[in-house]
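Following: one structure in structure tokens, then a few remarks.
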Amino acid sequence: MDLFVFGEIVKTRGLHGCLKALSFLESSELLEGLTFAYLESPSGRKSRHEIKKINSSGKFLFLEIKDIADVDAARAFVGCKLLLPREMLEPLPADEYYWHDIIGLDVYTPAGRHLGRIESIFPTGAHDVYVC
1096 MDLFVFGEIV KTRGLHGCLK ALSFLESSEL LEGLTFAYLE SPSGRKSRHE
1146 IKKINSSGKF LFLEIKDIAD VDAARAFVGC KLLLPREMLE PLPADEYYWH
1196 DIIGLDVYTP AGRHLGRIES IFPTGAHDVY VC
């Protein structure tokens, strides 16, 4: 299954297992009616989880996941990436790309000198910054 990253869990929230995540989405439309997500641990292990509730506030998401009942269980998921199947994404116009399509590409100068491989992208407001 082809999955894409839409956020990363940065901390717990409250005592009942709520998770706070940094969202990589430009719009929260994709979250409407969302019933599940995959979580990928820093070691690369993926697991599917049912979502009880998800809200967005600015660049953050707040998730309640069915099998996470308290803050101790939630702590184990800090640092995990949030993933969804790629087929849930809308097609883009020509010459537009999703971040996950760009990460991993090699970067060259116009003269052909290799600068590196794109490792990550982060938004700064005015422009996205590509990190090699």
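In short: position in the sequence shown from 1, add 1095, done, that's this note's numbering. Where a beta carbon is used, it is the ideal one built from N, C-alpha and C, also for glycine.
Going by DSSP, which residues form a beta bridge with His-1111?
-> Looking at the DSSP assignment, His-1111 forms no beta bridge with any residue, so it has no partner.
Expressed to the nearest angstrom, what Euclidean distance is found between the alpha-carbon atoms of Val-1202 and Trp-1194?
-> Taking the straight line joining both Cα atoms gives about 15 Å.
Check Glu-1103 in the structure and name its three-state DSSP category.
-> Three-state result, Glu-1103: strand.
Compute the Euclidean distance between the alpha carbons of Ser-1118 and Leu-1129, then round it to the nearest angstrom.
-> As the crow flies, the alpha-carbon of Ser-1118 is around 14 Å from that of Leu-1129.
Excluding five sequence neighbours on each side, which residues of the same chain lie with their C-beta closer than 6 Å to the C-beta of Asp-1223?
-> Apart from the 5 residues on each side of it in sequence, Asp-1223 sits with its Cβ closer than 6 Å to the Cβ of Ile-1216 in its chain, given in chain order.
Provide the residue(s) that pair with Phe-1119 in DSSP beta bridges, ordered along the chain.
-> DSSP output for Phe-1119 lists no bridge partner at all.
Kindly indicate which residue of Met-1183, Glu-1214, Gly-1199 has the alpha-carbon position closest to the one of Leu-1125.
-> Nearest option by C-alpha distance: Met-1183.
Note the first and the last residue of the continuous beta strand (DSSP E) segment covering Ile-1197.
-> Boundaries around Ile-1197 are those of the alpha helix (DSSP H), 1194-1197, since no beta strand (DSSP E) includes it.
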